[in-house]
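A.B. asks: Below is the structure I would like to discuss, written out as structure tokens.
2 protein chains.
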Amino acid sequence: MRQSQLFTKTRREAPSDETAKNAQLLIRAGYINKEMAGVYSLLPLGLRVVGKIKKIVGEEMEALGSLEIFMSTLQNKEVWEKTDRWNDENVDVWFKSKLKNDTEVGFGWSHEEPILEMLKSHARSFADLPRAVHQFQNKLRNEVRAKSGIMRCREFIMKDMYFLSATEEDNTGFYNKTIEVYKNVFDRVGLGGITYVTSASGGVFTDKFSHEFQTICDAGEDIIYVNKEKNIAVNEEIYNAETLEKMGMSENDFEKVKAAEVGNIFNFGTKKCEQMEMFITHKDGQKYPAYLSSYGIGITRLMGVLAEVFADDKGIVWPESVAPFKYHIIEIVSEKPEVREAAERVYKKLQGNALYDDRDLRAGEKFADADLLGMPYQIIISEKTVAEGKVELKNRKTGEAELTDPNSLQ
Amino acid sequence: MRQSQLFTKTRREAPSDETAKNAQLLIRAGYINKEMAGVYSLLPLGLRVVGKIKKIVGEEMEALGSLEIFMSTLQNKEVWEKTDRWNDENVDVWFKSKLKNDTEVGFGWSHEEPILEMLKSHARSFADLPRAVHQFQNKLRNEVRAKSGIMRCREFIMKDMYFLSATEEDNTGFYNKTIEVYKNVFDRVGLGGITYVTSASGGVFTDKFSHEFQTICDAGEDIIYVNKEKNIAVNEEIYNAETLEKMGMSENDFEKVKAAEVGNIFNFGTKKCEQMEMFITHKDGQKYPAYLSSYGIGITRLMGVLAEVFADDKGIVWPESVAPFKYHIIEIVSEKPEVREAAERVYKKLQGNALYDDRDLRAGEKFADADLLGMPYQIIISEKTVAEGKVELKNRKTGEAELTDPNSLQ
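Below, the structure is given as structure tokens:
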């Protein structure tokens, strides 16, 4: 992409009401636009990051055998009444409105009930199960506060997956397999080393009903206790003498850190299916409630966490797997046509993989923009590099630079 | 995709409250799920069709130089008040709700105002223009009636593109270029021969302020008058003696048909930018309002129109370009393992391009499902075809079948 064609401009300052570093950086770099508190639009570079995260997550969910669907935002009151979750006292984040005929409608803050309702009309027998479905979708939540930038929004993109099965064995098997797959996901987006599996109901060493994936991050809203050496962590809620004893560990083994929840998984057992009357016929001809588990990953939150944890004082530093582009070509404007020609050749070679700063700006402005935007590698092309038949390849993260043969880039 | 892994089941009957053929077929075939009147979710095969339509539309918009973005559903009242379109008397399809602090919010029925507001912070000078952006997004509209299946929904996916320029010349040039690109789009999705450009304000022979793209379709909500030979059409609103005279044509030249609006384009001139105070600095140092034009295509509506116009009495007939899969492999269950082996070989060869009915069902049920689902080509593999070292390749549309070498398929 030619930067001259990119309509977004970088800014020195974020909006004064934006206090979260992730949103400040992403707004300044032109990745997102703030529509109101807790609501952000995705601009071209931001949409590319989200697209890369979605691709990684989608590949991993499909490898689990899950099929992608796309549920509606508008929600049917009757479906949610079955679990008593239409009630604002039980769910305090609903946005609701009314049709012209006064029928109440909700806006999807979750899709657990509608997805189960939809699956009911397609699965009746044990032979129809197990099945997994997932979607990437905007969730709308009427949060009281929205202060963590795109890490806690009133509108955000989530990947939610649901696994429906006839037996507890299938359910537990899929649950445990997904824990491993989620580790792959966080490894692939670049958060592997700082993301921990925790359990809100008993630590990783139990097989209780829910687990969280927590990334160490100063802007996170959660507290976890980690042992980095053993790669284990404990949620604040259950960090107590009893838990430590069960683990055979002591307080000295753990470090208290702030963390952001990037994923969570729930095992509903048969409870949700009982409430929703999702019964299936088993081999004995009898009807039994099905087992349900659900699996979330905060897609736009991940973008915020990545921006937050890898930033330095110059700007964003994307991991290569989710960067909008691997390379940022910086053409140092020159009167010699060879410089432009060399830049165009490199751009053509790397097309699709490079953002090309072809603007008529001073080198200093281009460097500052490139550092703020955070592509993993900068390719600097100037009179000097052209004279040597090379380009300067600079690592955004380490700052290391070397002259290299442009033909070796890929 | 193996049909044994596809959780959706076909149905003999659509829901009794569903009167539109497109939705009846798509629900019966398991492409969509009805959440409530005018609200449908996309199931795996439906999402694939939508994905193919989006890909075609996206490629054509990018070829115009447009960059993809993704705006929020939640909308800021203040932005819409600038054009007096927050008012329910002026816009009667708003869904609205409130934040916890009583701030009113709307749900995006359109994104014209928010996109222009966003662009304001990135374009200040003539040198920043022209720019085009587009998105694919759920629009929420509080329609009084929703009776045309997925052709008129309370929630639907639309591609909307916006072109912002400093001069009338740029604006008109892009407008006219997009008319041609839209023709490509409708050709590519298979609707070329039955889609007409019309003008609500003066016929195709003028360059007035808006044009529509109308596809001949019995379930359409519009009336147009077409001359198929000359490939022109006139909207009902302006079909009168004056228009006909201007065109040098008579009533005898036109046929009255029902049509569905699949695309529309608007030229706002400078009006919207004046209302929104989107001024840019020209070469003379003075500020002038920018020019705006907008370009819509109903993505999910297109799926409905395609299902509606190409259906026959057996079910859906997808054009190859938007079909979920090009091929439907129908394995006629046999005790001879060679049949399964042959089917698996063909599936492996065509992977990604084929839905494979590997279910343990009677041939009649499989044929009926395949006809309902509407892949363009059916590949029938039975003891008989295996004995001859062939497969039967059947064209869903024409019904023509021939024995063919499986190695020739691609």
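Sequence lines, in order, name chains A and B.
So for the first sequence, the numbering used here puts the first residue at -13; every next one is plus one.
So for the second sequence, the numbering used here puts the first residue at -13; every next one is plus one.
Note that CB positions come from ideal geometry on N, CA and C, so glycine has one too.
None of these values were measured; they are calculated from a predicted model.
(1) If contact means a Cβ-Cβ distance below 9 Å, which residues of the region 17 to 36 of chain A contact chain B?
(2) Below 7 Å CB to CB, which residues in the same chain sit around Val190 of chain A once its five sequence neighbours on both sides are set aside?
(3) Inspect the beta-carbon positions of Glu103 of chain B and Val65 of chain B and report whether they are closer than 8 Å.
(4) Show which residues of chain A have a CB atom less than 9 Å away from the CB atom of Gln(-9) of chain B.
(5) Quick check: what's the CA-CA separation for Lys41 of chain B versus Ile266 of chain B?
(6) Reducing DSSP to helix, strand and coil, say where Tyr17 of chain A ends up.
(7) Arg131 of chain A: buried (16+ other C-beta within 10 angstroms of its C-beta) or exposed?
(8) Do the CB positions of Ala6 of chain A and Gly135 of chain A come within less than 8 Å of each other?
(9) Return the first residue and the last residue of the alpha helix (DSSP H) that Asp357 of chain A is part of.
(10) State yes or no: is the C-beta of Val171 of chain B within less than 8 Å of the C-beta of Val43 of chain B?
(11) Comparing the C-beta of Ser134 of chain B with each C-beta of chain A, is any distance below 8 Å?
(12) Would you list the residues sitting across from Asn381 of chain B in a DSSP beta bridge?
(13) Between Glu198 of chain B and Asn250 of chain B, is the Cβ-Cβ spacing less than 8 Å?
(14) Grab me the residues of Asn87 of chain B's own chain with a C-beta within less than 7 Å of its C-beta, minus the 5 sequence neighbours each way, in chain order.
(15) Mapping DSSP to helix, strand and coil, what is Thr158 of chain A?
(16) Along chain A, in chain order, which residues have C-beta atoms closer than 7 Å to that of Glu99 of chain B?
(17) Pull up the distance between the alpha-carbon of Lys84 of chain A and that of Glu75 of chain A, whole angstroms please.
(18) How big is the Cα-Cα spacing for Thr229 of chain A and Arg331 of chain B?
(19) What distance in whole Å lies between the Cβ atoms of Leu341 of chain A and Met(-13) of chain A, which are believed to be in contact at a cut-off of 8 Å?
(20) Determine whether the Cβ of Phe93 of chain A lies closer than 8 Å to any Cβ atom of chain B.
(21) My understanding is that Asn253 of chain A touches Ser196 of chain A, with C-beta atoms under 8 Å, so please give their C-beta distance in whole angstroms.
(22) Since Val43 of chain A is in the alpha helix (DSSP H), which residue starts that stretch and which ends it?
(23) For Gln410 of chain A, tell me which candidate among A:Leu29, A:Leu12, A:His314 and A:Thr69 has the shortest Cα-Cα distance.
(24) Does the count of Cβ pairs from the region 271 to 278 of chain B and the region 7 to 17 of chain B closer than 8 Å reach three?
(25) Who are Asp343 of chain B's beta bridge partners in DSSP?
(26) Would you say Asn62 of chain B reaches chain A, if we count a Cβ-Cβ gap shorter than 8 Å as a contact?
(27) Quick one: which chain D residues come within Cβ less than 7 Å of Met104 of chain A?
(28) Out of curiosity, what's the CA-to-CA distance linking Phe(-7) of chain B and Glu324 of chain B?
(29) Within 8 Å of any Cβ in chain A, is that where the Cβ of Arg348 of chain B sits?
(30) Is it the case that the Cβ atoms of Phe142 of chain B and Lys125 of chain B are separated by a distance below 8 Å?
(31) Excluding sequence positions up to five away, which residues of its chain have a Cβ less than 7 Å from the Cβ of Ile39 of chain A?
(32) Report back the beta-carbon spacing between Phe122 of chain A and Lys145 of chain A to the nearest angstrom; my notes put them in contact at under 8 Å.
(33) Can you tell me which of A:Tyr363, A:Ile367 and A:Ser320 puts its alpha carbon nearest to the alpha carbon of Asn339 of chain A?
(34) Using a Cβ-Cβ distance under 8 Å, would Ala0 of chain A count as near chain B?
(35) Would you say Leu358 of chain B and Ile302 of chain B are within 8 Å of each other, going by their C-beta atoms?
(36) Checking contacts by CB at 8 Å: is Leu85 of chain A closer than that to chain B?
C.D. replies: Let me lay it out:
(1) Within the region 17 to 36 of chain A, contact with chain B at the beta-carbon level (separation under 9 Å) is assigned to Asn19, Glu21, Met22, Ala23, Gly24, Val25, Tyr26, Ser27, Leu28, Leu29, Pro30, Gly32, Leu33, Arg34 and Val36.
(2) Position 204 of the first sequence, counting from 1, holds the residue named residue 190 of chain A. The pLDDT assigned to Val190 of chain A is 43, lower than 50, so where the model puts this residue is not dependable, and the model offers no usable value.
(3) Counted from its first residue, the second sequence places residue 103 of chain B at position 117. Counted from its first residue, the second sequence places residue 65 of chain B at position 79. In this structure, the beta-carbon distance from Glu103 of chain B to Val65 of chain B falls below 8 Å.
(4) Position 5 of the second sequence holds residue -9 of chain B. From the beta-carbon of Gln(-9) of chain B, the residues of chain A found nearer than 9 Å are Gly51, Leu53 and Arg117.
(5) Start at 1 with the first residue of the second sequence, and residue 41 of chain B comes out as number 55. Start at 1 with the first residue of the second sequence, and residue 266 of chain B comes out as number 280. For the pair Lys41 of chain B and Ile266 of chain B, the Cα-to-Cα distance works out to about 33 Å.
(6) By 1-based counting over the first sequence, the position of residue 17 of chain A is 31. Coil.
(7) Taking the first residue of the first sequence as position 1, residue 131 of chain A is located at position 145. Label assigned to Arg131 of chain A: exposed.
(8) Translated into the one-based positions of the first sequence, residue 6 of chain A becomes position 20. Translated into the one-based positions of the first sequence, residue 135 of chain A becomes position 149. Going by C-beta atoms, Ala6 of chain A is nearer than 8 Å to Gly135 of chain A.
(9) Sequence index remark: in the first sequence, residue 357 of chain A carries index 371 (1-based). Element bounds for Asp357 of chain A: Ala349 to Leu359.
(10) Counting from one through the second sequence, the residue named residue 171 of chain B turns up at place 185. Counting from one through the second sequence, the residue named residue 43 of chain B turns up at place 57. Between Val171 of chain B and Val43 of chain B, the CB-CB gap stays under 8 Å.
(11) If you number the second sequence from 1, residue 134 of chain B lands on position 148. It does not: the Cβ of Ser134 of chain B has no partner Cβ on chain A nearer than 8 Å.
(12) Position 395 of the second sequence holds residue 381 of chain B. B:Tyr363.
(13) Within the second sequence, residue 198 of chain B is the residue found at index 212, counting from 1. Within the second sequence, residue 250 of chain B is the residue found at index 264, counting from 1. It is a contact, given that the beta carbons lie within the stated cut-off.
(14) Here the question's residue 87 of chain B lines up with position 101 in the second sequence. So the list is empty, once near-sequence residues are dropped.
(15) The count along the first sequence starts at 1 and reaches residue 158 of chain A at position 172. Helix, per DSSP.
(16) Here residue 99 of chain B is taken as the residue at index 113 of the second sequence, counted from 1. Going along chain A, no residue has its Cβ under 7 Å from Glu99 of chain B, so there is no contact; the nearest lies around 11 Å.
(17) Counting from 1 along the first sequence, the entry for residue 84 of chain A is found at position 98. Counting from 1 along the first sequence, the entry for residue 75 of chain A is found at position 89. If you draw a straight line from the Cα of Lys84 of chain A to the Cα of Glu75 of chain A, it comes to about 19 Å.
(18) For this step, residue 229 of chain A is matched to residue 243 along the first sequence. For this step, residue 331 of chain B is matched to residue 345 along the second sequence. The alpha-carbon atoms of Thr229 of chain A and Arg331 of chain B are separated by roughly 54 Å.
(19) Indexing the first sequence from 1 puts residue -13 of chain A at position 1. Indexing the first sequence from 1 puts residue 341 of chain A at position 355. Between Met(-13) of chain A and Leu341 of chain A a beta carbon distance of about 5 Å is seen, short of the 8 Å cut, so the two are scored as contacting.
(20) Translated into positions along the first sequence, residue 93 of chain A becomes position 107. True, the Cβ-Cβ gap to chain B drops below 8 Å.
(21) Sequence index remark: in the first sequence, residue 253 of chain A carries index 267 (1-based). Sequence index remark: in the first sequence, residue 196 of chain A carries index 210 (1-based). 7 Å between Cβ atoms; contact.
(22) Numbered from its first residue, the first sequence carries residue 43 of chain A at position 57. Secondary structure note for Val43 of chain A: its alpha helix (DSSP H) is the uninterrupted segment Pro30 to Ala49.
(23) An answer regarding residue 410 of chain A cannot be provided, because it is not within the stretch -13 to 396 covered by chain A.
(24) No, the region 271 to 278 of chain B is not in contact with the region 7 to 17 of chain B.
(25) In the second sequence, counting from the first residue as 1, residue 343 of chain B sits at position 357. Asp343 of chain B pairs with B:Ile316.
(26) By one-based count along the second sequence, residue 62 of chain B stands at place 76. With 8 Å as the cut-off, Asn62 of chain B counts as an interface residue toward chain A.
(27) Looking for chain D here will not work: the only protein chains present are A and B.
(28) Taking the second sequence and counting its residues from 1, the one referred to as residue -7 of chain B is at position 7. Taking the second sequence and counting its residues from 1, the one referred to as residue 324 of chain B is at position 338. When the Cα atoms are used, Phe(-7) of chain B and Glu324 of chain B turn out to be separated by approximately 27 Å.
(29) As a working note, residue 348 of chain B is residue 362 in the second sequence. Chain A contact via Cβ: absent.
(30) For the purposes of this step, residue 142 of chain B is taken as residue 156 along the second sequence, with counting starting at 1. For the purposes of this step, residue 125 of chain B is taken as residue 139 along the second sequence, with counting starting at 1. Yes, the Cβ-Cβ distance between Phe142 of chain B and Lys125 of chain B is below 8 Å.
(31) Position 53 of the first sequence, counting from 1, holds the residue named residue 39 of chain A. By the criterion of a C-beta distance shorter than 7 Å, Ile39 of chain A is surrounded in its chain by Val175, Ile285, Leu288, Met289 and Val308, once the five residues flanking it on both sides are discounted.
(32) Numbered from its first residue, the first sequence carries residue 122 of chain A at position 136. Numbered from its first residue, the first sequence carries residue 145 of chain A at position 159. Distance from Phe122 of chain A to Lys145 of chain A at the Cβ level is roughly 5 Å; contact confirmed, criterion being Cβ atoms closer than 8 Å.
(33) Position 353 of the first sequence, counting from 1, holds the residue named residue 339 of chain A. Of the candidates A:Tyr363, A:Ile367 and A:Ser320, the one whose C-alpha sits nearest the C-alpha of Asn339 of chain A is A:Tyr363.
(34) Position 14 of the first sequence, counted from the start, is the residue given in the question as residue 0 of chain A. Taking Cβ atoms only, chain B never reaches closer than 8 Å to Ala0 of chain A, which makes this a no.
(35) Counting from 1 along the second sequence, the entry for residue 358 of chain B is found at position 372. Counting from 1 along the second sequence, the entry for residue 302 of chain B is found at position 316. For the 8 Å CB-CB criterion, Leu358 of chain B and Ile302 of chain B form a contact.
(36) For the purposes of this step, residue 85 of chain A is taken as residue 99 along the first sequence, with counting starting at 1. Answer yes: the Cβ-Cβ gap between Leu85 of chain A and chain B drops below 8 Å somewhere.
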